[in-house]
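Just so we're aligned, residue 4 is where the first sequence starts under the working numbering, counting upward by one.
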Amino acid sequence: MVIKTDFFESAPTAQLAQKLLGVVLTVTTKAGPLRAVIVETEAYVGQLDAADHGYGGRITRKNRALFAAPGTVFTYQMHRQTLLNFVTQAVGDPQGILIRAVQPIEGLSAMTQNRPKTGPALTNGPGKLTQALGLTMVLNGRLLPETPLTLSWDPIFQPREVQTTSRIGIANKGSWTAAPLRFLVAGNPFVSKQLKRDIDLDRYGWRSNN
DNA sequence: GAGTAGATCCGCT
DNA sequence: GCGGATCTACTCA
4 MVIKTDFFES APTAQLAQKL LGVVLTVTTK AGPLRAVIVE TEAYVGQLDA
54 ADHGYGGRIT RKNRALFAAP GTVFTYQMHR QTLLNFVTQA VGDPQGILIR
104 AVQPIEGLSA MTQNRPKTGP ALTNGPGKLT QALGLTMVLN GRLLPETPLT
154 LSWDPIFQPR EVQTTSRIGI ANKGSWTAAP LRFLVAGNPF VSKQLKRDID
204 LDRYGWRSNN
């Protein structure tokens, strides 16, 4: 079932970020579809959140898309990487969800061409997955249905356990530094900064084998 | 396997 | 000028 844009205002952002775990992201390309399951997300919860790009309600050219309608794609560049976010909540409320890691399902050879790495290193980080999927800044500010991206639920992928931690790379932001707003599929090898001993090689953290 | 330094560039102050 | 929602290579074990 394809996720529509009203999903992105149907619950608080932290809940939506959890619901995206196990959701399949499809990128339609000339060479065919690239498909990957979302295994790690982070929630950014608005102008009070010191780690949010819309902190304080200040709108700039860079963060403008974050203030747009729910279901808008927000991309921005960081150290030469492109990071992918989906905007949540009403227009003017700068909340969003960062996609931090995905597990490839289909189009592996095309992904490897985009990013010549094997195993988890292909997509186990926010900058890595945009490279592998060929996502760039042209997506910024576009509504999901206007982009080559599709999000859909697949009953095959249900996390056995969702783990909650503080967000990565957020330092010196007071209580927001430790806020439990990062969500991941426990044991999935594509989760970023995953320790080898925590990996569930049997089921990749899903409820059943695929 | 785990931890750390350096690269590198755009947008904002 | 400065610093960031990162990545990679290099170290030590």
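Glycine included, each C-beta is placed from N, C-alpha and C at the ideal position.
4-residue-minimum alpha helix (DSSP H) runs that sit fully inside the region 58-145, ordered along the chain: 111-117, 129-136
Cut-off 8 Å between Cβ atoms - residues of its own chain near residue 24, not counting five sequence neighbours on either side: Translated into positions along the first sequence, residue 24 becomes position 21. Closer than 8 Å at Cβ, skipping near neighbours: 41, 42, 43, 44, 162, 165, 186, 187, 188.
At least 3 beta-carbon pairs within less than 8 Å: the region 45-56 vs the region 172-186: yes
Helix, strand or coil at residue 19 [DSSP, three-state]: Here the question's residue 19 lines up with position 16 in the first sequence. Correct three-state label for residue 19: helix.
Residue 95 beta carbon less than 7 Å from that of residue 47: To locate residue 47, count along the first sequence from 1; it is residue 44. To locate residue 95, count along the first sequence from 1; it is residue 92. No, these two residues do not count as a Cβ contact at 7 Å.
Reference residue 14, options 85, 92, 29, 86, closest by Cα: Residue 14 sits at position 11 when you count from the first residue of the first sequence. When each option's Cα is compared against that of residue 14, the closest is 92.
Cβ-Cβ distance between residue 12 and residue 73 below 7 Å: Here residue 12 is taken as the residue at index 9 of the first sequence, counted from 1. Here residue 73 is taken as the residue at index 70 of the first sequence, counted from 1. Against a cut-off of 7 Å, the Cβ pair of residue 73 and residue 12 comes out as a contact.
Residues sharing a beta bridge with residue 31, DSSP: Looking up residue 31 in the first sequence gives position 28. 36.
Which listed residue (145, 135, 61) has its alpha carbon closest to that of residue 111: Stepping through the first sequence from its first residue, residue 111 is reached at position 108. With distances taken between Cα atoms, residue 111 lies closest to 135.
Neighbourhood of residue 144 by C-beta distance below 8 Å, restricted to the same chain and skipping five residues each side: Here residue 144 corresponds to residue number 141 of the first sequence, with the count starting at 1. Closer than 8 Å at Cβ, skipping near neighbours: 67, 68, 71, 75, 76, 77.
Distance between beta carbons of residue 38 and residue 26, contact taken as under 8 Å: Working through the first sequence from its first residue, we reach residue 26 at position 23. Working through the first sequence from its first residue, we reach residue 38 at position 35. Actually they do not touch by this definition, with Cβ atoms about 11 Å apart.
Spatial distance of residue 90 from residue 129 (CA atoms): Counted from its first residue, the first sequence places residue 90 at position 87. Counted from its first residue, the first sequence places residue 129 at position 126. Each residue's alpha carbon lies about 16 Å from the other.
Residue range of the unbroken beta strand (DSSP E) whose run includes residue 156: Here residue 156 refers to the residue found at position 153 when the first sequence is read from its first residue. First-last of the beta strand (DSSP E) with residue 156: 152-156.
Residues bridged to residue 47 (per DSSP): Position 44 of the first sequence, counting from 1, holds the residue named residue 47. Partner(s): 99.
Collapsed DSSP secondary structure at residue 162 in the structure displayed: Here the question's residue 162 lines up with position 159 in the first sequence. Three-state DSSP puts residue 162 in a strand.
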